[in-house]
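Residue numbering for the sequence shown follows the numbering used here, starting at 260 and increasing by one per position.
Glycine is no exception: its CB is placed at the ideal position from the N, C-alpha and C atoms.
Bear in mind that the values here come from a model prediction, so they are computed numbers and not experimental data.
Working notes, structure below.
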Amino acid sequence: MKQHLVEFVHIRVQEGQEEEFLASRPGAVAAVQAAIPGFVAAPVIAKGEDGLWTDVWIYDSVEQAEAANAKAANMPEFGRMAAVSEVVSIDMAWTPVP
């Protein structure tokens with residue numbers, strides 16, 4: 260059965276920076292899409308009751324997720340989003356592909 264890796268990235272956004280964080284996300288997603296062939300989608304971002312955001316990123320494999328994370332530091336679009344936020348943790352899971 261084919262599966263995709265799903266990253267649940269838990270993020271703390273700096274106070275007063277949520278608008279900038281959300282405005283910068285489409286550029287970060289587009290940059291990853293252009294640089295990582297195994298990137299599938301980043302379909303959901305949601306804010307929890309604890310104030311943390313969960314950003315969902317989907318890849319074909321662990322290797323592609325790792326490549327995206329390694330290259331993100333050199334992507335200005337991703338840097339814009341990272342400048343106003345902090346990754347607290349990343350959970351990974353597998354989802355079946357129909």
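Query                                                                                                                                                             : Result
Looking only at its own chain, which residues have a Cβ that is under 6 Å from the Cβ of residue 287, when we skip the five neighbours before and after it?       : 336, 337 and 340
Which residue wins for smallest C-alpha separation from residue 264, given the options 298, 305 and 278?                                                          : 298
Closer than 8 Å by C-beta to residue 344: which residues in its own chain qualify, once you throw out the five before and the five after it? Chain order, please. : 270, 271, 272, 273, 276, 280 and 312
Using the C-alpha atoms, what's the distance from residue 290 back to residue 334?                                                                                : 7 Å
Do residue 268 and residue 315 have their C-beta atoms closer together than 9 Å?                                                                                  : yes
Spell out the partners DSSP gives residue 262 in its beta bridges.                                                                                                : 355
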